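Report on the following structure.
Chains as they are written, first to last, in my numbering: chain A, 76 to 227; chain B, 76 to 227.
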């Protein structure tokens, strides 16, 4: 499910230019680039929570803040990158996720998370895919409305 | 996963009026009402494909067409309904899905679909949730942009 969701995300952004990745549909929108950064930051956050059984550190929280929060901070700080910047980060993050999942079993998947006992890793990783799919729906909507001058 | 996705969809449309459900963000948009109808129609289609092992009939295809295709036909034909019209249809459809799933086992879930052997029911029902989540992402985006005069 994670792989399928990712494939559809990559298909939705295929061929976009830096200008298109930085385009703001309106003053309240997130750019497609920022949504890609968000997808990667959410995954890195859940890696820490589920594989390392801890809250993200202060340094991690600061590094991921613009991508996680989006909005004003995202519009200010996440911009100016080519597509490969975002897809490279997504690929490296996903490699870590798949390697860590491969080392674990279903009992681990279903056990309560130590730092959030109301949740388990199964829910957490479903939620990572779910959040990505939701933003992919938004990316499709935004891509269909890129200005003619910058459309692929 | 189906239940969690549905809960988030219902939360995303909670309290919307008929006017808001019919609002068009731009000429190429789908209304939130049409997206809700689409979510229900996709689920009914996959009920036929997975539980009844057949293609939808001509009559079913015609009845679901506007909601499945969205676009011009959706804008023309899916409108004028209160929220309960859409949520009632979603609830009735979901009851059928959960009852049918409860009667089946994991071997059924993993077996190739008779009418589409490249797929199995596990993928099909993941895809139903995935499509709903993608459109829920769009609904959240559209709801945040409803005209002031009609906002909740």
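A virtual CB, placed ideally from N, CA and C, is assigned to each residue, including glycine.
These numbers come from a predicted model, not from an experiment.
Original post:
Taking a cut of 9 Å between CB atoms, which residues from the segment 181–205 of chain B lie near chain A?
Top reply: 198, 201, 202, 204, 205
Original post:
How would you list, in chain order, the residues of chain A whose beta-carbon sits under 7 Å from the beta-carbon of residue 210(B)?
Top reply: Numbered from 1 along the second chain, position 135 holds the residue referred to as residue 210(B). The answer, in chain order, is 212.
Original post:
Among 141(B), 82(B), 158(B), which has the Cα closest to the Cα of residue 91(B)?
Top reply: Taking the first residue of the second chain as 1, we reach residue 91(B) at position 16. Closest by alpha carbon: 158(B).
Original post:
What's the call for residue 212(A), buried or exposed, on a 16-neighbour Cβ count within 10 Å?
Top reply: Position 137 of the first chain, counted from the first residue, corresponds to residue 212(A). Under this definition residue 212(A) is a buried residue.
Original post:
Quick one: what does DSSP say residue 173(B) is sitting in, helix, strand or coil?
Top reply: Position 98 of the second chain, counted from the start, is the residue given in the question as residue 173(B). In the structure shown, residue 173(B) sits in a helix (DSSP, three-state: H, G or I).
**OP:** Give the DSSP bridge partners of residue 187(B), in chain order.
**Re:** In the second chain, counting from the first residue as 1, residue 187(B) sits at position 112. In the DSSP output, where bridge partners are listed per residue, residue 187(B) has 195(B).
Original post:
Are the CB atoms of residue 80(B) and residue 214(B) nearer to each other than 8 Å?
Top reply: Taking the first residue of the second chain as position 1, residue 80(B) is located at position 5. Taking the first residue of the second chain as position 1, residue 214(B) is located at position 139. Going by C-beta atoms, residue 80(B) is not nearer than 8 Å to residue 214(B).
Subject >> chain B residues whose Cβ lies nearer than 9 Å to that of residue 103(A) >> reply: Here residue 103(A) refers to the residue found at position 28 when the first chain is read from its first residue. Result: 219, 220.
Original post:
CB-CB under 7 Å to residue 204(B), same chain, minus the five flanking residues each way: which ones, in chain order?
Top reply: Position 129 of the second chain, counted from the start, is the residue given in the question as residue 204(B). Closer than 7 Å at Cβ, skipping near neighbours: 76, 77, 80.
Original post:
Residue range of the alpha helix (DSSP H) that residue 150(B) falls in?
Top reply: One-based indexing of the second chain puts residue 150(B) at position 75. Its alpha helix (DSSP H) spans residues 146–152.
Original post:
Do three or more CB pairs link the segment 152–166 of chain A to the segment 94–103 of chain A at distances below 8 Å?
Top reply: yes
Subject >> Closer than 8 Å to chain B by CB, residue 216(A) >> reply: Here residue 216(A) corresponds to residue number 141 of the first chain, with the count starting at 1. Yes, residue 216(A) lies at the interface with chain B (some Cβ there is under 8 Å from its Cβ).
Original post:
Using the beta-carbon of each residue, which ones in chain B are nearer than 8 Å to residue 80(A)?
Top reply: Start at 1 with the first residue of the first chain, and residue 80(A) comes out as number 5. By Cβ distance, chain B contributes 205.
Original post:
Looking at the structure shown, is residue 102(A) part of a helix, part of a strand, or coil, going by DSSP?
Top reply: For the purposes of this step, residue 102(A) is taken as the residue at position 27 of the first chain. Three-state result, residue 102(A): coil.
**OP:** Let me know the secondary structure DSSP gives residue 122(A) once reduced to three states.
**Re:** Taking the first chain and counting its residues from 1, one reaches residue 122(A) at position 47. Residue 122(A) falls in the helix class under three-state DSSP.
**OP:** Would you mind telling me which residues of chain A sit closer than 7 Å to residue 166(B), beta carbon to beta carbon, in chain order?
**Re:** As a working mapping, residue 166(B) is identified with position 91 in the second chain. Result: empty, since nearest Cβ-Cβ is about 21 Å, beyond 7 Å.
**OP:** Please report the residue range of the alpha helix (DSSP H) in which residue 82(B) lies.
**Re:** What you label residue 82(B) is simply residue 7 of the second chain in a count that begins at 1. First-last of the alpha helix (DSSP H) with residue 82(B): 77–88.
Subject >> Residues near residue 197(B) in its chain [Cβ-Cβ closer than 7 Å; skip 5 each side] >> reply: By one-based count along the second chain, residue 197(B) stands at place 122. Excluding residues within five positions, the ones whose Cβ falls inside 7 Å are 184, 185.
Subject >> Pair within 8 Å by beta-carbon distance, residue 85(A) and residue 116(A) >> reply: The sequence position of residue 85(A) within the first chain is 10, counting from 1. The sequence position of residue 116(A) within the first chain is 41, counting from 1. No, Cβ-Cβ distance for residue 85(A) and residue 116(A) is not below 8 Å.
**OP:** Can you have a look at residue 108(A) and say buried or exposed, based on whether 16 or more other CB atoms are within 10 angstroms of its CB?
**Re:** Position 33 of the first chain holds residue 108(A). Classification of residue 108(A): buried, given that the 10 Å Cβ count is 16 or more.
Subject >> CA-to-CA distance, residue 174(B) to residue 149(A), given in whole angstroms >> reply: By 1-based counting over the first chain, the position of residue 149(A) is 74. By 1-based counting over the second chain, the position of residue 174(B) is 99. Those two C-alpha atoms are separated by around 44 Å.
**OP:** Excluding the 5 residues preceding and the 5 following residue 220(B) in the sequence, name in chain order all residues of the same chain whose CB lies nearer than 8 Å to its CB.
**Re:** Working through the second chain from its first residue, we reach residue 220(B) at position 145. Result list for residue 220(B): 100, in chain order.
Original post:
How many Å lie between residue 120(A) and residue 131(A) at the Cα?
Top reply: Position 45 of the first chain holds residue 120(A). Position 56 of the first chain holds residue 131(A). If you draw a straight line from the Cα of residue 120(A) to the Cα of residue 131(A), it is about 7 Å long.
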